Amino acid sequence: MTSSADSSSWPLWEVFIRSSRGLSHVHAGSLHAPDATMAIRNARDLYTRRNEGTSVWVVPAAAIMASDPDSKGAYFESAQGKSYRHATYYTQSEGVKHL
Amino acid sequence: MSPQNHQHAPLHLADEGDAAAALAEAEAGQNRFEEIIAEDSRVEPRDWMPESYRKSLVRQVSQHAHSEIIGMQPEGNWISRAPSLKRKAILMAKVQDEAGHGLYLYSAAETLGRPREEMYDQLYTGKAKYSSIFNYPARTWADIGAIGWLVDGAAIVNQVPLCRASYGPYGRAMVRICKEESFHQRQGWEILHSLSHGTQAQHQMAQEAVDRFYGPALQMFGPPDGDSPNSQQSMEWKIKRFTNDELRQRFVDMLVPQVEALGLTLPDPELKWNEERGHYDFGDLDWDEFFAVIKGNGPLSRQRLEHYRKARDEGAWVREAAVAYANRASRNEDHDQAALIGA
Chain A
5 MTSSADSSSW PLWEVFIRSS RGLSHVHAGS LHAPDATMAI RNARDLYTRR NEGTSVWVVP
65 AAAIMASDPD SKGAYFESAQ GKSYRHATYY TQSEGVKHL
Chain V
2 MSPQNHQHAP LHLADEGDAA AALAEAEAGQ NRFEEIIAED SRVEPRDWMP ESYRKSLVRQ
62 VSQHAHSEII GMQPEGNWIS RAPSLKRKAI LMAKVQDEAG HGLYLYSAAE TLGRPREEMY
122 DQLYTGKAKY SSIFNYPART WADIGAIGWL VDGAAIVNQV PLCRASYGPY GRAMVRICKE
182 ESFHQRQGWE ILHSLSHGTQ AQHQMAQEAV DRFYGPALQM FGPPDGDSPN SQQSMEWKIK
242 RFTNDELRQR FVDMLVPQVE ALGLTLPDPE LKWNEERGHY DFGDLDWDEF FAVIKGNGPL
302 SRQRLEHYRK ARDEGAWVRE AAVAYANRAS RNEDHDQAAL IGA
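First to last, the sequence lines map onto chains A and V.
Note that our numbering has the first sequence beginning at 5, numbered continuously upward.
Note that our numbering has the second sequence beginning at 2, numbered continuously upward.
Shown next as structure tokens:
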């Protein structure tokens, strides 16, 4: 077995599928492929065998930046305790129409 | 997302301060992990997780992936001999699905930090295990029906609860797989139904296939609970949701009305409804055979592995060519870029 040409030495791609017009592309999974063209083709075969998609994106996994999972609490904290950002915070208008 | 997922940083301890910090981090991680499991939330790739949880998952998910890949063989063998063009097209779609399922699962295992190549190598060298059911031959066309109905049927019963496995990527892969698997089971049942309602010889062929696959399919749930040491831990981690015996019972209860609708019988004289339990009682399975097959002494254990190696070796030049092409294309691109900047 020639490990240098093993498919795992192909870069990893993340696959995003748009299931129908009007919807966003959603992460479907990942795969290995030698280049973008093959990645798109493999993504079609792997993730759209049953009409799941009308459009496919592939992104080199190495190009994705992600937030630090350990700082989860602190990082997203500023959204906490700000219930006034939601319409349900305002109750005086109850019973008043179209408001 | 996968790339960063792979960094479950090994701890390089420079001094005692670092050691203390690492210990505190592990303790916080362990607490958070236990919270996630307790509230039935999901563990995601970059979360801290106990090494034993990671190891156990890598083993289960990669074995599952290998099973899908080897599972293509008994059926692939019948593509050229399917009795009609429609059956051939169906079988090809099913075998293609199995390849897809293997790839979803390898991707999930990869998020745990296990390189793809290592998993392929483990299967290639025979170090990795896969479901022993695939070491049985598919002798007749009716066996393709029995495999779909019984083997994929057992797989579904096993896999539906795995959609809620505590490890996010595994659960998500299982959701996709379960959606596709139900076609597999139905097409198998239909093959058996056609044969069972055909000539006397076809009916007998269907019955013999059910007789062959019933026992091995029931064993797909694993050894009885008393002999399944990993089960308890796996249930505490909420990877598994039901014990082997619970799932086996559920499967038998489902099979009885289905086999009646086929006009066939299950090869177990002890099979009968137990009013008190509200379940069917069934006879003991041949566990000596099961463990012999697991140890590599199945009817086709050697052939399955040889075929996998052959396919891998013979496909090597394609993978090499694809890499060479990609490298040349990217060099040309660099060259064009340089020319552009130069101009």
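Don't be surprised by glycine CBs; every beta carbon is placed ideally from N, CA and C.
Quantities reported herein were computed from a predicted structural model and do not represent experimental measurements.
7 Å Cβ cutoff, residue i in contact with chain A
{"i": "Val324 of chain V", "result": "yes"}
{"i": "Ala327 of chain V", "result": "yes"}
{"i": "Gly199 of chain V", "result": "no"}
{"i": "Gly169 of chain V", "result": "no"}
{"i": "Gly72 of chain V", "result": "no"}
{"i": "Gly101 of chain V", "result": "yes"}
Helix, strand or coil at residue i [DSSP, three-state]
{"i": "Asp282 of chain V", "result": "strand"}
{"i": "Met198 of chain V", "result": "The identity of residue 198 of chain V in the sequence shown is His, whereas the question assumes Met. Reduced to three states, the DSSP call for His198 of chain V is coil."}
{"i": "His90 of chain A", "result": "coil"}
{"i": "Leu306 of chain V", "result": "helix"}
{"i": "His7 of chain V", "result": "With a pLDDT of 44 at His7 of chain V, under the threshold of 50, the modelled position of that residue is not reliable, and no figure is offered here."}
{"i": "Phe20 of chain A", "result": "strand"}
{"i": "Trp274 of chain V", "result": "strand"}
{"i": "Trp14 of chain A", "result": "coil"}
{"i": "Tyr121 of chain V", "result": "helix"}
{"i": "Tyr105 of chain V", "result": "helix"}
{"i": "Val44 of chain V", "result": "strand"}
{"i": "Tyr168 of chain V", "result": "strand"}
{"i": "Gln188 of chain V", "result": "helix"}
{"i": "Gln74 of chain V", "result": "helix"}
{"i": "Thr6 of chain A", "result": "The predicted position of Thr6 of chain A is uncertain, since its pLDDT is 42 and thus under 50; no value can be drawn from it."}
{"i": "Tyr215 of chain V", "result": "helix"}
{"i": "Ile240 of chain V", "result": "coil"}
{"i": "Asp39 of chain A", "result": "coil"}
CB contact check: residue i to chain V, cutoff 7 Å
{"i": "Leu50 of chain A", "result": "yes"}
{"i": "Gly57 of chain A", "result": "no"}
{"i": "Ser34 of chain A", "result": "yes"}
{"i": "Tyr94 of chain A", "result": "no"}
Cβ pair residue i, residue j closer than 7 Å
{"i": "Gly103 of chain V", "j": "Glu69 of chain V", "result": "yes"}
{"i": "Trp14 of chain A", "j": "Val62 of chain A", "result": "no"}
{"i": "Ser197 of chain V", "j": "Leu265 of chain V", "result": "yes"}
{"i": "Ala129 of chain V", "j": "Ala210 of chain V", "result": "no"}
{"i": "Leu301 of chain V", "j": "Asn32 of chain V", "result": "no"}
{"i": "Ala100 of chain V", "j": "Ser63 of chain V", "result": "no"}
{"i": "Asp246 of chain V", "j": "Asp226 of chain V", "result": "yes"}
{"i": "Ile91 of chain V", "j": "Gln188 of chain V", "result": "yes"}
{"i": "Arg22 of chain A", "j": "Ser82 of chain A", "result": "no"}
{"i": "Ala47 of chain A", "j": "Val19 of chain A", "result": "yes"}
{"i": "Ile145 of chain V", "j": "Trp79 of chain V", "result": "yes"}
{"i": "Arg82 of chain V", "j": "Gly169 of chain V", "result": "no"}
{"i": "Ile295 of chain V", "j": "Ser133 of chain V", "result": "yes"}
{"i": "Ala323 of chain V", "j": "Pro38 of chain A", "result": "yes"}
{"i": "Met352 of chain V", "j": "Ala327 of chain V", "result": "Outside the modelled stretch of chain V, which goes from 2 to 344, sits residue 352 of chain V, for which no answer is possible."}
{"i": "Leu306 of chain V", "j": "Gly127 of chain V", "result": "yes"}
{"i": "Ala218 of chain V", "j": "Val158 of chain V", "result": "no"}
{"i": "Val260 of chain V", "j": "Tyr281 of chain V", "result": "no"}
{"i": "His185 of chain V", "j": "Gly223 of chain V", "result": "no"}
{"i": "Arg47 of chain V", "j": "Pro73 of chain A", "result": "yes"}
{"i": "Arg213 of chain V", "j": "Pro162 of chain V", "result": "no"}
{"i": "His383 of chain V", "j": "Leu263 of chain V", "result": "This structure gives no information on residue 383 of chain V, because the portion of chain V shown stretches from 2 to 344."}
{"i": "Gln74 of chain V", "j": "His308 of chain V", "result": "yes"}
For residue i, the first and last residue of its enclosing beta strand (DSSP E)
{"i": "Gly33 of chain A", "result": "29 to 36"}
{"i": "Ser59 of chain A", "result": "59 to 64"}
Start and end residues, alpha helix (DSSP H) containing residue i
{"i": "Ser68 of chain V", "result": "52 to 71"}
{"i": "Ser232 of chain V", "result": "232 to 237"}
{"i": "Gln160 of chain V", "result": "153 to 160"}
{"i": "Tyr52 of chain A", "result": "Position check: residue 52 of chain A holds Thr in this sequence, whereas Tyr was assumed. Run containing Thr52 of chain A: none; DSSP gives neither H nor E here."}
{"i": "Ala147 of chain V", "result": "142 to 147"}
{"i": "Asn245 of chain V", "result": "245 to 263"}
{"i": "Ala83 of chain A", "result": "Note, Ala83 of chain A: premise wrong, no alpha helix (DSSP H); not H, not E."}
{"i": "Asp228 of chain V", "result": "Taken as a continuous stretch (DSSP letters only), Asp228 of chain V belongs to no alpha helix (DSSP H), as it is neither H nor E."}
{"i": "Trp349 of chain V", "result": "Examination of residue 349 of chain V is not possible in this model, given that chain V is present from 2 through 344 alone."}
C-beta neighbour in chain B for residue i, strict 7 Å
{"i": "Phe291 of chain V", "result": "Judged by its chain identifiers, the structure shown contains no chain B, and its protein chains are A and V."}
key: Contact list for the stretch 105 to 121 of chain V against chain A, Cβ threshold 7 Å   = Tyr105, Ser108, Pro116, Arg117, Glu118, Tyr121
inquiry  = Closer than 8 Å between beta carbons: that is the criterion. Which residues of the stretch 149 to 161 of chain V meet it against chain A?
reply    = none
Residues of the stretch 42 to 54 of chain V with Cβ closer than 8 Å to any Cβ of chain A, in chain order = Glu45, Arg47, Asp48, Trp49
message = Please identify, using Cβ separations under 7 Å, the residues of the stretch 124 to 139 of chain V that lie next to chain A, in order along the chain.
response = Tyr125
message = Using a Cβ-Cβ cutoff of 7 Å, what residues of the stretch 22 to 37 of chain V are near chain A? List them in chain order.
response = none
ask   = In the stretch 59 to 84 of chain A, which residues sit with their C-beta less than 7 Å from some C-beta in chain V, listed in chain order?
value = Ala65, Ala66, Ile68, Ala70, Pro73
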